[in-house]
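Position 31 of the sequence shown, counted from 1, bears residue number 31 in full-length UniProt numbering, the numbering being contiguous throughout.
The C-beta atom is built at its ideal place from N, Cα and C for all residues, glycine as well.
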Amino acid sequence: PLMGYTTWGCIDLVSASTGEMSKRYGFVFVDRDDAGNGTLTRTRKKSFWWYKKVIASNGEDLE
């Protein structure tokens, strides 16, 4: 069984090293580009639903 899992971030964020928004790390997509344009609408990614399933199954279902 899975003992633990740490995520980088739950929503897309600005890269600390490059200041880019184009690198997408989170489970939730944020509509924003490197120039700061966008609606800031949040949309759940496939990885959001995967992680939700992992949590619900206590790590038994990792597919």
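Can S27 and R42 be called in contact, C-beta distance under 8 Å? In the sequence as presented, Ser is not what sits at residue 27; that position holds Phe. Taking 8 Å as the Cβ cut-off, F27 and R42 do not qualify as a contacting pair.
Would you mind working out which of D12, T7, D34 and N58 sits nearest G19, comparing C-alpha positions? D34
Check for me: the beta strand (DSSP E) holding F27 runs from which residue to which? Segment: none, F27 is in no beta strand (DSSP E) and carries neither H nor E.
Count the other C-beta atoms from every protein chain shown that fall within 10 angstroms of the C-beta of D12, then say buried if there are 16 or more, exposed otherwise. buried
Out of V14, C10 and F48, which has the shortest C-alpha to C-alpha gap to R32? V14
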